[in-house]
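Letter by letter, the sequence shown follows residues 11 to 238 in the numbering used here.
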Amino acid sequence: MRIEIYARQGCHYALADFFCFNKINYLLGSSFRRVEVSASLREGSVLLVRGPSGSGKSTLLRVLSRLQELVDGQVFFRGVNMFSFTPQVWRSKVHYVPQKPAVFPGTVHDNLLRPYSLRINRSKEFNLETVQRSLDKLMLDFNIMEQNAGTLSGGEAARIALLRSIILSPNILLLDEPTAALDEKAKQAVLGLLTDWLEQKPDRGIILVSHTDESTTFPSANLLEIGR
Numbered sequence: 011m012r013i014e015i016y017a018r019q020g021c022h023y024a025l026a027d028f029f030c031f032n033k034i035n036y037l038l039g040s041s042f043r044r045v046e047v048s049a050s051l052r053e054g055s056v057l058l059v060r061g062p063s064g065s066g067k068s069t070l071l072r073v074l075s076r077l078q079e080l081v082d083g084q085v086f087f088r089g090v091n092m093f094s095f096t097p098q099v100w101r102s103k104v105h106y107v108p109q110k111p112a113v114f115p116g117t118v119h120d121n122l123l124r125p126y127s128l129r130i131n132r133s134k135e136f137n138l139e140t141v142q143r144s145l146d147k148l149m150l151d152f153n154i155m156e157q158n159a160g161t162l163s164g165g166e167a168a169r170i171a172l173l174r175s176i177i178l179s180p181n182i183l184l185l186d187e188p189t190a191a192l193d194e195k196a197k198q199a200v201l202g203l204l205t206d207w208l209e210q211k212p213d214r215g216i217i218l219v220s221h222t223d224e225s226t227t228f229p230s231a232n233l234l235e236i237g238r
């Protein structure tokens, strides 16, 4: 498999590198095809990941979130190797939102509260005003909080899952096709929320897998192309 990279190659192994992965190798499903890829993410920026279906884009996000084993290579956050962190601490810094996110039994409110029951998040505050503002930006009525999460549409579930990660204030968002189930208005609402999230605080970045061109929303984004 030939890999083309249109992003900065590798890491500089310095604190100037916000988030980077250097010659990481991983396997694709039952085919056991091996992919090698390197790229860097600047603080406050976006790395767009594109490539044909089956090229390993979603698998890359799973590897970076430590949900799939790394065969070889290194991943750094602020110059510190990924494996210097426990998986729980790493995932509190690096949040993965899959294309089909998990929806748990109970209301939407219950789903948003669920991560706060984990020990790693117990010191964090659930801010209802922040949730309300974010729901408004996502074109969702505040009354959705009392809705049974199992009755959400695909687009609603995708936006709630994104909100569930954003309110925990991670450093990195790993997003797999976050707008795939949305119409154009809802898509623009999500991209607007992500832009606001990046600008609210330093020490943040986004790695975004998308089949569509998001470069107009994120004009300074780097592009990582896999499998072309």
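Just so it is clear, CB atoms sit at the ideal spot from N, CA and C, and this is done for glycine as well.
Cβ-Cβ separation between Ser230 and Ser55: approximately 6 Å, consistent with a contact (criterion under 8 Å). Secondary structure of Leu77 (DSSP, three-state): coil. With fewer than 16 other Cβ atoms from the protein chains shown falling within 10 Å of its own Cβ, Lys211 counts as exposed.
A distance of 7 Å or more separates the beta carbons of His105 and Met155.
Under the 10 Å beta carbon count, Lys110 is surrounded by fewer than 16 other beta carbons and is classified as exposed.
Only residues of its own chain outside the window of five on either side were considered, and among them Cys21, Ser50, Phe86 and Gly89 have a CB closer than 7 Å to the CB of Asp27, listed in chain order. It is roughly 8 Å from the alpha-carbon of Glu166 to the alpha-carbon of Leu150. DSSP, reduced to helix, strand and coil, places Thr117 within a strand of the structure shown.
Asn181 is not a Cβ neighbour of Arg129, given a cutoff of 7 Å.
Non-local C-beta neighbours of Asn91 in its own chain, meaning closer than 8 Å and more than five positions away in sequence, comprise Gln84 and Val85, ordered along the chain.
A direct Cα-to-Cα measurement between Gln142 and Arg76 gives close to 31 Å. Between the alpha carbons of Leu178 and Lys103 lies a distance of about 9 Å. Counting only residues of its own chain and dropping the five nearest sequence neighbours on each side, Leu192 has a CB closer than 6 Å to the CB of Gly165. Going by C-alpha positions, Pro115 is about 8 Å away from Asn121.
Secondary structure at Asn32: strand, using DSSP grouped into helix, strand and coil. Residue environment analysis places Pro188 among the buried positions, since at least 16 neighbouring C-beta atoms fall within 10 angstroms of its C-beta. Taking all protein chains in view, the Cβ of Glu224 is crowded by 16 or more other Cβ atoms within 10 Å, so the residue is classified as buried.
Bounds of the beta strand (DSSP E) holding Asp82 are Asp82 to Phe87. By a beta-carbon distance limit of 8 Å, Arg169 contacts Leu148. Their separation comes to about 5 Å.
Residue pairing from DSSP places Val104 in a beta bridge opposite Ile182. Residue environment for Asn232: buried (at least 16 other C-beta atoms within 10 angstroms of its C-beta).
Per DSSP, the continuous beta strand (DSSP E) segment holding Leu51 begins and ends at Arg43 to Leu51.
Secondary structure at Ile177: coil, using DSSP grouped into helix, strand and coil.
Considered as a whole, the region 135 to 208 harbours 182 to 186 as its complete beta strand (DSSP E) runs of no fewer than 3 residues, in chain order.
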